[in-house]
Each structure stands twice: as C-alpha cells, then as structure tokens.
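These notes concern the structure reproduced below.
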Amino acid sequence: RVGHLKSTSLTILDMSSCEISSIGKDSLEGLQSLVDLDLSRNLLSHIPDSISSNTLKYLNLNYNRISNVNNFTFFMLPRLTGLAVIGNRFTTIWRRSYFESNPYLDRLDLSDNMWRCDCVDENMFDFYEFITLEPNKKEESYNLICNSPINVIGQTWLEACYFTWNPTEKAGNMDNVVWFCIVMIVGLALCFVLVNGIRRSMKRRLASIQAERERQAEQVRDRLRQLRMQAEQEALCNTPDPRDLIAPPSYDE
Numbered sequence: 106r107v108g109h110l111k112s113t114s115l116t117i118l119d120m121s122s123c124e125i126s127s128i129g130k131d132s133l134e135g136l137q138s139l140v141d142l143d144l145s146r147n148l149l150s151h152i153p154d155s156i157s158s159n160t161l162k163y164l165n166l167n168y169n170r171i172s173n174v175n176n177f178t179f180f181m182l183p184r185l186t187g188l189a190v191i192g193n194r195f196t197t198i199w200r201r202s203y204f205e206s207n208p209y210l211d212r213l214d215l216s217d218n219m220w221r222c223d224c225v226d227e228n229m230f231d232f233y234e235f236i237t238l239e240p241n242k243k244e245e246s247y248n249l250i251c252n253s254p255i256n257v258i259g260q261t262w263l264e265a266c267y268f269t270w271n272p273t274e275k276a277g278n279m280d281n282v283v284w285f286c287i288v289m290i291v292g293l294a295l296c297f298v299l300v301n302g303i304r305r306s307m308k309r310r311l312a313s314i315q316a317e318r319e320r321q322a323e324q325v326r327d328r329l330r331q332l333r334m335q336a337e338q339e340a341l342c343n344t345p346d347p348r349d350l351i352a353p354p355s356y357d358e
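The sequence shown begins at 106 in our numbering and counts up by one.
Now the structure itself:
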C-alpha cells in the first residue's frame, strides 16, 4: 500500500511493477512538485475518490486491475494532462463529466480494455465524440475496441455503432442498395436483349453469307456448263468430214 508521501523537489515518481494493491487518498498531497507518476503493472483495483495533487500532469495506470472510475476520481487533479489506463478491466463506457475539473487534459489512452458497446446509449456516443473529435482529440478511434456483446467483439466503437449513430446514412445506404439492384436488373435485361439481338444479327449475317456462297457456286456451275457445251460445239465443228478421209482412186483402179 502507498501511504502519505512527502517531498518538495520530486517531479517524477516511478512505482511501476511494485505489486502495489492500494493507494491512499492523501498519498500525493505531500509531493509538492510531482509532475509524472507511473503506477503501471501493479495490482491496483481501485483509485480512491478525490486523490489530490495540484501539480500532477501525467498519470500512468496501465496494466492494473481497475474496473471503475467516477466523477470524483480525477476531481482533485486540476493540472492533469495525460492519463493512461491501457490493459485494465473497464467495461462500462466512461462519461465526459469525469473530466470536468481537468481542463488541460489532452491525452487519454484507453485501449486494451473490455468495453461493452451499447450503441443506443447516448453517453457512449457523447464520450466517443469527446475523446476523438478535433480540435480536442484525446484518443485514436482505432484504439477503442468492443469486447461485448458477442456480435461486435473485436470491432471498433465506430464500426460497431456507425449505423446507430448515423441512421440517415443507413437509410441512404438501403436506398443505394435498392437502386443498385434495380440498375443491375435493368442492366442485365439490356445485356440479355443486346446479346439476343447480336445473336440474331449474326445468324442473319451467316445466312446471308451462306446464300451468297451458294449463289456464287451456282454461277460457277452454270459457267462450267456453258464452257463445256461451248467446248463440245467447237469439237463438233472441228471434226473432219469422213469423206475427206477417203483417198482418191489410183490409176490402177
């Protein structure tokens, strides 16, 4: 247990990995110059309400067993600038009101906790905006991961709750899906008509080509018949008279 500490000059105090299980409410009041306190990798399950320091800026509570904070946890830390609670056991989404007395807070490290994402809870959306929106951004949205309910395990808060927080976009997306389906159906119908038209056109074209080939073949056959008849006629005309083939009688005859 960390009791009442005193120092007028100590600015950085590292008590990480010391198996600390509890810290007193007045533990920091005697550290008049303390700026940076590291309590990471201990056994803390609770931070006392109104733990007090007028100088503390950076508080590291990473990898403990803390599961709950409230409006009074950081109430007496007016200079707090950075707070890290990575790897604890938080499930309930925090509230913006927890930091009403911390005007200088500009960094929150909340990753690796067991957040339960209740997207219809207005507080979740309010706190999400509080820590992720510029110009007062305090945490990266991709570090905020849902651990329950089961249907959103492993999703970021934004992925899990996007359409709940943006219902008009969901409606717009549904409209887009409907229009997409309509366009696809019309497009497929047009493609079907176009393909059938092309097929019919190709059939007509092939039939025309086949008819032209048959017509040309018939012309060739007619031409060959004419040439054959002409050749036969010329052959008949050129055949010598048989009488011309008989020799005239000799003097002896």
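We treat Cβ as the ideally placed atom computed from N, Cα and C, and that holds for glycine.
In this text, all values refer to a predicted model and were calculated from it rather than measured experimentally.
Simplified DSSP state of residue i, which is helix, strand or coil
i	result
residue 262	helix
residue 231	helix
residue 119	strand
residue 226	coil
residue 220	strand
residue 293	helix
residue 277	Low local confidence applies: a pLDDT of 48 at residue 277 is under 50, so the model's placement there is unreliable, and no value is given.
residue 148	coil
residue 306	helix
residue 237	helix
residue 299	helix
residue 177	coil
residue 77	Outside the shown range of the chain, which is 106 to 358, sits residue 77, and nothing can be said about it.
residue 438	For the chain, the structure presents residues 106 to 358; residue 438 sits outside this window and is missing.
residue 200	coil
Chain-order list of residues whose beta-carbon lies under 8 angstroms from that of residue i (same chain, five-residue window excluded)
i	result
residue 277	The predicted position of residue 277 is uncertain, since its pLDDT is 48 and thus under 50; no value can be drawn from it.
residue 154	130, 175, 177, 178, 180
residue 126	106, 147, 148, 149, 150
residue 134	109, 157, 158
residue 171	149, 150, 151, 152, 190, 193, 194, 195
residue 206	179, 180, 181, 182, 183
residue 320	none
Outcome for residue i when other beta-carbon atoms lying within 10 angstroms are tallied against a minimum of 16
i	result
residue 300	exposed
residue 190	buried
residue 158	buried
residue 314	exposed
residue 247	exposed
residue 203	buried
residue 250	buried
residue 229	buried
residue 195	buried
residue 169	buried
residue 290	exposed
residue 165	buried
residue 116	exposed
residue 210	buried
residue 198	buried
residue 128	buried
residue 132	buried
residue 256	exposed
residue 329	exposed
Strand pairing of residue i, partner residues [DSSP]
i	result
residue 340	Paired residue(s): none; residue 340 is not in a bridge.
residue 250	261
residue 189	165, 214
residue 128	107
residue 172	None; residue 172 has no bridge partner.
residue 142	118, 164
residue 206	Beta-bridge pairing links residue 206 to no other residue.
residue 136	112
Cut-off 6 angstroms between Cβ atoms - residues of its own chain near residue i, not counting five sequence neighbours on either side
i	result
residue 266	224
residue 162	140, 184, 186
residue 121	143, 145, 146
residue 113	137
residue 253	221
residue 213	188, 236, 243, 244
residue 374	The first residue shown for the chain is 106 and the last is 358, placing residue 374 beyond what the model contains.
residue 73	The question about residue 73 has no answer, for the chain in this structure spans 106 to 358.
Cβ-based neighbour list, residue i, same chain, cut-off 7 angstroms, excluding 5 preceding and 5 following
i	result
residue 201	231, 232, 235
residue 258	251, 252
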